[in-house]
Each structure stands twice: as structure tokens, then as C-alpha cells.
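Notes for the one structure printed next.
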Amino acid sequence: MNYQDFYNNSIQDPAGFWKEQSDALEWFKKPQTILSKDQHDYYQWFHDGELNLSYLCIDKHIKDGFGSQTAIIYDSPVTQTKQHITFNEFHDEVAKLAGGLQTLGLQKGDTAIIYMPMIPQAIYAMLACVRIGVIHSVVFGGFAPNELAIRIDDCQPKAVITASSGIEIQRIIPYKPYVDEAIKLANHKPQNVIVFNRNLNAEIPKQDYDVDYQTLVENAVPSEAVSIPSTHPSYILYTSGTTGKPKGIIRDTGGYATALKFSMKYIYGVEPGDVYWAASDVGWVVGHSYIVYAPLINRNTTVLFEGKPIKTPDASTFWRVISEHRVKVMFTAPTAIRAIKKEDPNGKFLKKFDMSCLKYQFLAGERCDVATLKWTEEKLQVPVIDHWWQTESGWPMLANMAGLELQDVQPGSAGFPVCGYDIQILNEEGQEVASSSEGYVAVKLPLPPGTLMNLWGNPERFKSGYLEKFPGYYFSGDGGYKDEDGYVFITGRVDDIINVAGHRLSTAEMEEIVASHKAVAECAVFGVHCDLKGQKPLGLVVLKAENNDSEEDIQKQIIQDVRHEIGAVASFRDVLVVDRLPKTRSGKILRKLLRNIADEMSYNIPSTIDDPEIINEITAVYKINQIGIHKNLTSHE
1 MNYQDFYNNS
11 IQDPAGFWKE
21 QSDALEWFKK
31 PQTILSKDQH
41 DYYQWFHDGE
51 LNLSYLCIDK
61 HIKDGFGSQT
71 AIIYDSPVTQ
81 TKQHITFNEF
91 HDEVAKLAGG
101 LQTLGLQKGD
111 TAIIYMPMIP
121 QAIYAMLACV
131 RIGVIHSVVF
141 GGFAPNELAI
151 RIDDCQPKAV
161 ITASSGIEIQ
171 RIIPYKPYVD
181 EAIKLANHKP
191 QNVIVFNRNL
201 NAEIPKQDYD
211 VDYQTLVENA
221 VPSEAVSIPS
231 THPSYILYTS
241 GTTGKPKGII
251 RDTGGYATAL
261 KFSMKYIYGV
271 EPGDVYWAAS
281 DVGWVVGHSY
291 IVYAPLINRN
301 TTVLFEGKPI
311 KTPDASTFWR
321 VISEHRVKVM
331 FTAPTAIRAI
341 KKEDPNGKFL
351 KKFDMSCLKY
361 QFLAGERCDV
371 ATLKWTEEKL
381 QVPVIDHWWQ
391 TESGWPMLAN
401 MAGLELQDVQ
411 PGSAGFPVCG
421 YDIQILNEEG
431 QEVASSSEGY
441 VAVKLPLPPG
451 TLMNLWGNPE
461 RFKSGYLEKF
471 PGYYFSGDGG
481 YKDEDGYVFI
491 TGRVDDIINV
501 AGHRLSTAEM
511 EEIVASHKAV
521 AECAVFGVHC
531 DLKGQKPLGL
541 VVLKAENNDS
551 EEDIQKQIIQ
561 DVRHEIGAVA
571 SFRDVLVVDR
581 LPKTRSGKIL
591 RKLLRNIADE
601 MSYNIPSTID
611 DPEIINEITA
621 VYKINQIGIH
631 KNLTSHE
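Shown next as C-alpha cells:
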């Protein structure tokens, strides 16, 4: 069946379509009720079905005779460690940890926080929790104690599972002092903190609530996977909210498993037994869905990578991992590719490796500029697929469905809607706009399986944030448009639209032009206050390591490029060269933070920032250039 027919079937008969997809799973109790509504009058999937994610990820494959297959390849250039873990070995670790958690009193419906680096024990902890029905919340290892405390108070975990330390390019980050400080700050006090000692000489302060991970596992009786209702929460994943208070996205169990199994086959085009690598972190939704659950449900070998795209040891690291482990499909963020491109613009490192195993390269996590897409295609010589989704969706919403029908996609577009997502572009009144007209990106209800169920402890915020703006639709918070051929273009968060003298302009469109300049490695364009015009655009650029033009010439060329493509109406006159841009740990550029700095507004440094020190660097550059809310900036000193 071709894409259009398959997609139409999913929209016209969602219950029938997803019932058929759910048959690919092994249920403990097959669902009879496919689509229904919960007590909040919101859609839910497979209400009366029962299954277990840990069973699907491990036990089923052993039962089917694949216990000796490698489940996880742990590759850590920062510790120079590599480990191949079979499904049999994986089962022993997870079942014993689950049994250990039960001896501490954890049971179905309880919550646990996992605060771990990118090590196998992080995956063991996730699978051990869902094995016994404990709802896990993975908090990115190294988050500040205050942010961890906020999450402790929100989900009230019975236990925190952590490690002695993380490691960032020759720097050890002790986790245990952060956890202890967070518990001091929090009103809720977890009963236990389970500590895995990595033996990297990090400080591990001892507390009465501490439990040694290794001892707990060694003494435990292995636990079987318990039967879990399809609508039981599998995990809580916090994402930033506009109020500053994190939102706890709740994911179900049966709908999630169904969607992930479907996505591996039809979106990513991988077969059971293939090696799959998502270069993310288990603290993010990509890590949950595509390092852990989806590849393991699909019996893929998943790569668990502890390192960075550059400096561990250099910009060849990704290509080495793909070549060495024979990765068939790889998934990373555009910012990782831009970092590699900046260090190795001509792709010299690539020539050292046999990349013949790679079939598809997927990109997501932020809008992918055309220049980055083209560079990646040119260097890798495989289809490079930009696709779009959110923490809330849990799996892709727009994609070129490689496992179904690989299509030619317009550069700059994330493709067509994925099966189950009836994506429409609406105006302020909730009406569909004409082709190529920009509007709000919304999805007609019901959303397909695997998407968010609710917000933890806050159903009213769930309704007001996602459902009330356009009744009958899920509002994504993004702007975009569809062209005449149905390709969807995501232009960015709706607050990335700026008003310049009454003209509504997309900073994403300007950013696309800036990024296409041959000397630019990465960039950000955002609106700042202007007394005369209300707002004006400001561009920050990071230059490639190799370029021959002066910064002043590059700035003038970029300004001219934007004026040529968009016109004088854009009022694009200000460009600054900086060494780096502030980003979240998942690679998203913090444009709102940059805007607040430029406008001399008060701001909070987001907990998700990769390196807080960069704020001082950016602020210093503004001051050197005498950038205030009334100034133009055209030079860099």
C-alpha cells in the first residue's frame, strides 16, 4: 500500500487501523475496546488491554530464541569503555533490580525518579520500573538541585535511582551531592536513594536513606513482568512550560508500545536484528522512545552512547560509531551535525570510515536549516530525513515514512503527516488557511496512540495548554504552513513571529537565509525591542573554523542576503559574531533567553541549559558592541 492510501485509512478509521497495528504486540490480555474516553472526556487507547513494556523489550525476544542477540551496545569514549549486552544478560540485570525495588516497598502505581548518566544502569532502571508497574521519571543527570527538587515535589517518588557521577569531556560531575541537596530543598522526602558507584573517584556523601545499587541487585530475587493495564502511566517526562513550572507529560503503556513498534517499521525502516542509534540522552523524549523502548520492542540492537559529537575525541566520533557497530539507521539533532560541520566543513574525517552500513540518517529536535540538510546529504550519500515531533507526541508527527514509501521531500519541510496525525494549519478563528499561508499547527482529535495522556496532577493545565485554543484539536504551539503539494513546513514556535512596523515576519525564515551563508556554522535570529518599529530582528552567528573573509565582510554579506530574499521590510541590519550559542542539552537554541538578554529584561537561566557560563559570554559581547534596546549593531570587537 502506498503512503496516501495507508495514511487515509488511519484517519478515516482510526480504531480499525490501530487495532491492526496493536496485533503486532504480545498482549497479556488483548484489548476489545480500542478507542474510548477517560474521566476527563479525553481520548484513550486500548482501555481494557494488559501488557508489560519490560516483557516486550526483553522477555519476548528470549522466549522467541534471541537471548544471545546483542540488545545494547554501550560505547563511552569519555571513559573509553565498550560493552555488548545480550538480551539474556539484560534480563538478569533488569529482573534482579526490579526484585530489589520490590524489597524496598515499591509497587505498581508508585513513582521513582531516575537521575543517571548515559550508562546501561539507566536503561536497567527504566525497564525495572515498568516491569513492576512503577512509574518512572527520568531527570537529566546533572540537573541543578533546585530543578531536581521541583520534580521531586511534583511526582513524589518513593525512591531516587542515581549514579555516583556523570562525565563531561574530562570533567567528573558528582551526582550524589546534587541529589542530597535536592532532597533537603524538597518538601517531599523519598524513602531511599539507590546509588550506583561508577568508581570514578567522585564524592559520594553517605546518608541514612542510601542503598547501594550493586548490593541491592546481588541480593535480590528476580522479578517477573507483571500485567499492566494499557492506560497505566509508564512514565512522567518533564518539559519546560511558559510559566517556568515544568510540565509532567504522562505516557500510557499500550498505546505507546503500539505506536513505537509501528514507527520502527514504517517511519525508520528498520527490521528486527538491525543496529539502530539515536544519539540523544535518556533524559529527553528521544532517549525514552528511540534509545530505549522502540528499538528494544522491535528487537533492534540499540546504541547507548556516552559522549559528544565533537571533542570525544574529535568530530569523527559519530562516523566511527556508525562504522564500527554497523549502524543501519541513525537519528540525531541538526545541532550535532552543525557542530561536526563547523569542525570539519569538508568532511575529511568521513573518508576514514566505511559507512556502507548506513541506510538512513534522521534529524529532529529543532528546525533543520536547508544548508545543514544539504551538507549532510552530500557527505553521507544516503537519504537524510528531517522529521518533526514533540515531547508531547512521544513519536514522529511529520516524516518521510522510509519504511512505507520514501518520497522526494522539499528541503525545509519535515515531510507529510505520519499515519494517525490529522495535521491542519488554522487561523486565529480556528479555520483552515489556504495553501502556503502560515498559521497555527494543530492536530484534529483523536491523537493517535502513544501521545500524551495528561499532565501529572494538573488536568486543567493540560486542557488550557493544548485543547482549549482550538476545540476539537490538539494545539502544538508551533506555526507553519502546507504548500500546494501537501508538504508541511514548521516555521517555529508561534512566539518566534515578530512584528516589525506592523509586518508579521518569521525569524525562522531569516535564520534559514543566514544559515545558508558559506561562512556560517550555526546561527540564531530573534526579535528585540525597537522604540521606532516595535521589534527588529537580531542575528547571532558562529563561524566555521575555516573561512577567509573578515567578520565585517561576512556581516555585510549576511545583511545583504536577507534584504535580497525578504526585502527592506525585514529591517535586518544587526549581526553579531559569537563563539557559541546557548542551547539546551538536547541541542535547542535558547532564543527566548537571548531575546531577554538583548532587551535587558530580567530572566531565569533555564534548567535545561547545556553550559550556564555561556550567558556571561553572550552578555559580554552585547556590552562590547554597546547593544541596548535602542541600538543598531553592525560590528564586532
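Mapping of the sequence shown onto full-length UniProt numbering: position 424 corresponds to residue 424, and the numbering continues sequentially without gaps.
Cβ atoms here follow ideal geometry from the backbone N, Cα and C, with glycine treated the same way.
Treat the numbers as computed from the prediction; the structure is a model and nothing was measured.
- [ ] Enumerate in chain order the residues of its own chain whose CB-to-CB distance from Tyr238 is below 8 angstroms, with the five nearest sequence positions on each side excluded.
- [x] As a working note, residue 238 is residue 238 in the sequence shown. So the list reads Ser137, Val139, Arg151, Asp154, Pro246, Lys247, Gly248, Ile249, once near-sequence residues are dropped.
Task: Close-in-space but distant-in-sequence residues of the same chain around Asn2 (CB under 6 angstroms, 5 per side omitted) - done: By one-based count along the sequence shown, residue 2 stands at place 2. If we look at Asn2 and ignore the five residues flanking it on each side, its Cβ neighbours are Glu405.
Task: Cα-Cα separation between Lys308 and Arg320, rounded to whole angstroms - done: As a position in the sequence shown, residue 308 is number 308, starting the count at 1. As a position in the sequence shown, residue 320 is number 320, starting the count at 1. Note on geometry: alpha-carbon atoms of Lys308 and Arg320 lie some 12 angstroms from one another.
- [ ] Would you be able to state if there are at least three C-beta pairs under 8 angstroms between the segment 564–580 and the segment 507–520?
- [x] In short, these stretches touch, since the Cβ pair count reaches three.
Open item on the list: For the segment 193–212 against the segment 162–170, do three or more pairs of beta-carbon atoms, one drawn from each stretch, fall closer than 8 angstroms, so that the two count as touching?
Closed with: yes
Open item on the list: Just checking Asp553 against the ligand NAP - is the residue's beta carbon closer than 7 angstroms to any of the ligand's heavy atoms?
Closed with: What this structure holds is no ligand at all, so the ligand NAP is not there to describe.
Task: Cα-Cα separation between Ser435 and Lys482, rounded to whole angstroms - done: Your numbering for residue 435 matches position 435 in the sequence shown. Your numbering for residue 482 matches position 482 in the sequence shown. Between Ser435 and Lys482, the C-alpha separation is close to 6 angstroms.
Open item on the list: On the DSSP bridge list, what partners appear for Asn548?
Closed with: Here residue 548 corresponds to residue number 548 of the sequence shown, with the count starting at 1. In the DSSP output, where bridge partners are listed per residue, Asn548 has none listed.
Open item on the list: Among the candidates Val384, Lys351, Val541, whose CA atom is the shortest distance from the CA of Tyr360?
Closed with: Taking the sequence shown and counting its residues from 1, one reaches residue 360 at position 360. For Tyr360, the nearest C-alpha among the options comes from Val384.
- [ ] Specify, as a first and last residue, the run of the alpha helix (DSSP H) that Glu343 falls within.
- [x] Translated into positions along the sequence shown, residue 343 becomes position 343. Element bounds for Glu343: 334–343.
- [ ] Compute the distance between the beta-carbons of Glu343 and Met118, then report whether it is under 8 angstroms.
- [x] For the purposes of this step, residue 343 is taken as the residue at position 343 of the sequence shown. For the purposes of this step, residue 118 is taken as the residue at position 118 of the sequence shown. No, they are not a contact pair.
- [ ] Would you decide whether Asp64 is buried or exposed? Buried here means 16 or more other CB atoms lie within 10 Å of its CB.
- [x] If you number the sequence shown from 1, residue 64 lands on position 64. Exposed is the call here.
Task: Candidates Leu455, Glu26, Glu366, His40: closest to Ile337 by CA position - done: Within the sequence shown, residue 337 is the residue found at index 337, counting from 1. The candidate whose alpha carbon is nearest that of Ile337 is Glu366.
Open item on the list: Quick check on the burial criterion: 16 or more other C-beta atoms within 10 angstroms. Buried or exposed for Glu147?
Closed with: One-based indexing of the sequence shown puts residue 147 at position 147. Burial call: buried.
TODO: Determine the closest residue to Val329 out of Phe349, Tyr266, Glu378, Ser316, with distance taken between C-alpha atoms.
DONE: Within the sequence shown, residue 329 is the residue found at index 329, counting from 1. Here the closest residue by C-alpha is Tyr266.
Open item on the list: Counting beta carbon pairs with one atom in the segment 309–318 and one in the segment 343–357, are three or more of them shorter than 8 angstroms?
Closed with: yes
Open item on the list: I need the straight-line Cα distance from Gly254 to Ala545, nearest angstrom please.
Closed with: As a working mapping, residue 254 is identified with position 254 in the sequence shown. As a working mapping, residue 545 is identified with position 545 in the sequence shown. Cα-Cα distance, rounded: 48 angstroms.
Task: Assumed close pair Leu304, Pro120 - CB separation to whole angstroms, cut-off 8 angstroms - done: Counting from one through the sequence shown, the residue named residue 304 turns up at place 304. Counting from one through the sequence shown, the residue named residue 120 turns up at place 120. Right, the Cβ-Cβ distance comes to about 6 angstroms (below 8 angstroms), so this counts as a contact.
TODO: Hey, could you find the ends of the alpha helix (DSSP H) Phe470 is sitting in?
DONE: The residue you call residue 470 lines up with position 470 of the sequence shown. Phe470 -> no alpha helix (DSSP H), and no H or E assigned at all.
- [ ] Assign Arg139 to one of three DSSP states: helix, strand, or coil.
- [x] In the sequence shown, residue 139 corresponds to position 139, counting from 1. Note on residue identity: the sequence assigns Val, not Arg, to residue 139. Coil.
TODO: Report the rounded CA-to-CA distance for Arg461 versus Asn454, giving the unit in angstroms.
DONE: Position 461 of the sequence shown holds residue 461. Position 454 of the sequence shown holds residue 454. For Arg461 and Asn454, the distance between alpha carbons rounds to 9 angstroms.
Open item on the list: Measuring only the C-alpha atoms, how far is Asp422 from Lys374?
Closed with: In the sequence shown, residue 422 corresponds to position 422, counting from 1. In the sequence shown, residue 374 corresponds to position 374, counting from 1. If you take the alpha carbons of Asp422 and Lys374, they lie about 29 angstroms apart.
TODO: Within 10 angstroms of the Cβ of Pro233, are there 16 or more other Cβ atoms? Answer buried if so, exposed if not.
DONE: Working through the sequence shown from its first residue, we reach residue 233 at position 233. Label assigned to Pro233: buried.
Open item on the list: Are the CB atoms of Phe362 and His387 within a distance shorter than 8 angstroms?
Closed with: Reading the sequence shown from its first residue, position 387 is the one you call residue 387. Reading the sequence shown from its first residue, position 362 is the one you call residue 362. Going by C-beta atoms, His387 is nearer than 8 angstroms to Phe362.
- [ ] Within the same chain, show all residues whose beta-carbon is closer than 6 angstroms to that of Trp277, passing over the 5 residues directly before and after it, in chain order.
- [x] One-based indexing of the sequence shown puts residue 277 at position 277. Excluding positions up to five away in sequence, the list reads Val303, Val327, Met330.
Task: Ile490 in three-state terms, based on DSSP - done: Position 490 of the sequence shown, counted from the start, is the residue given in the question as residue 490. Strand, per DSSP.
Open item on the list: DSSP has Ser22 in a bridge; who is on the other side?
Closed with: Looking up residue 22 in the sequence shown gives position 22. In the DSSP output, where bridge partners are listed per residue, Ser22 has none listed.
TODO: Just tell me which of Val418, Cys419, Asn400 has its CA closest to the CA of Gln410.
DONE: Locating residue 410 in the sequence shown gives position 410, where the first residue counts as 1. Taking only the C-alpha atoms, the option nearest Gln410 is Asn400.
Task: Straight-line Cα distance separating Asp485 from Ser413 - done: Start at 1 with the first residue of the sequence shown, and residue 413 comes out as number 413. Start at 1 with the first residue of the sequence shown, and residue 485 comes out as number 485. Answer to the nearest angstrom: the Cα atoms are 11 angstroms apart.
TODO: Scan the segment 177–231 and note each continuous beta strand (DSSP E) run of 3 residues or more that stays entirely inside, going in chain order.
DONE: 192–196, 210–212
Open item on the list: Quick check on this structure: which residue in Gln44, His40, Glu26 has the alpha carbon closest to the alpha carbon of Ile34?
Closed with: Working through the sequence shown from its first residue, we reach residue 34 at position 34. When each option's Cα is compared against that of Ile34, the closest is Gln44.
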